[in-house]
Each structure stands twice: as structure tokens, then as C-alpha cells.
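One structure below.
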């Protein structure tokens with residue numbers, strides 16, 4: 008996805024520099040159309056994986072989790088600022104049902120975006136996650152998150 012976006016922008020800039028015609032909206036439209044055609048041809052011949060097609064859904068999932076991440080960030084700040092809170096940091100093994108590496112990477116990214124959790128290692132069986140409070144981990148919540156990340160969307 009990132010490669011395709013970079014290719015689209017790079018080709019548009021290259022077209023503008025070579026053509027030396029960027030004074031009208033039509034010139035920009037032609038540059039964008041030609042660049043998009045080049046990107047589509049590149050994607051057709053193996054230039055992108057299935058992660059490219061899943062990107063919009065993952066963006067929506069990230070946006071939907073913004074409130075939970077903000078609440079987690081506040082809870083983590085509150086726990087670190089108060090002296091009477093006893094946290095139980097631990098390394099937790101999270102088994103994954105994701106088959107493809109891109110799905111495991113997306114799941115690891117969603118976990119690492121959660122305050123108080125950081126993925127330390129990934130392998131074919133699952134993830135090794137460092138958590139600040141072992142008792143606060145909800146396995147059902149992680150399962151629902153994984154279901155929304157994998158290719159079937161948790162349906």
C-alpha cells in the first residue's frame with residue numbers, strides 16, 4: 008500500500024517535472040490519470056499483496072479504536088502517576104488464529120497501538136506481548152480484535 012502510494016506521488020511529480028506543464032487543473036488531472044494507470048498496471052503484475060485490499064478496513068478499525076486507545080492512555084498515565092497502584096508487568100503469550108504473515112503483522116500493530124501493551128516477538132503460533140498489568144488483559148477482547156483484523160473481518 009505504501010509502495011503504491013509512493014509510486015503514484017512519485018510518478019505524478021516526475022510527470023510534472025518532465026512535461027513542464029502544471030499551470031492548469033487539466034494538466035494535473037492528466038498527470039494523476041497517467042500515474043494512476045501506471046500504478047494499476049504495476050499492481051496487476053504482482054506489485055501489491057492482499058494487504059493492499061485490506062488497508063481501508065484496517066484504517067476504519069484503527070479509527071473505531073481511537074476512543075479505547077485514548078481511555079487506555081489515560082489509565083496508563085494515571086497508573087504511572089499515582090504511587091499507590093501496583094502494576095504487574097509480565098510477558099504474555101497470545102495465540103493467533105491468523106494464517107498469513109500480513110494478518111499477524113496487522114494484529115501485532117493493533118496490539119502495540121494499545122497503551123500498556125507492546126508486541127515483543129511474533130512467530131507462526133502467535134505473539135509475545137509485554138503488558139504493564141497482567142490482570143487487566145481480557146482474552147475475549149483480544150479475540151474480538153483479532154477476529155476483526157483477519158481477512159474475514161470476524162464475520
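Residue numbers (this note's numbering): 8 to 162. The beta-carbon is built from N, C-alpha and C at its ideal position, and this holds for glycine as well. Owing to the predicted nature of the structure, the values given are computational and were not obtained by experimental measurement.
TODO: List the DSSP bridge partners of residue 125.
DONE: 137
Task: Distance between residue 76 and residue 160 (C-alpha atoms, nearest Å) - done: Model confidence at residue 160 stands at a pLDDT of 49, short of 50, so the residue's coordinates are unreliable and nothing is read from them.
- [ ] Measuring alpha carbon to alpha carbon, tell me which of 50, 133, 99, 13 ends up nearest residue 110.
- [x] 133
TODO: Would you check if there are 3 or more beta carbon pairs closer than 8 Å linking the region 35–50 to the region 65–72?
DONE: no
- [ ] Would you give the residue range spanned by the beta strand (DSSP E) that residue 100 belongs to?
- [x] Residue 100 -> beta strand (DSSP E) spans 97–102.
Task: Cβ distance (whole Å) where residue 96 is taken to contact residue 149 below 8 Å - done: That belief does not hold up - the Cβ atoms of residue 96 and residue 149 are roughly 17 Å apart, past 8 Å.
Open item on the list: For a test of the three-state rule: what should DSSP assign to residue 33, helix, strand or coil?
Closed with: helix
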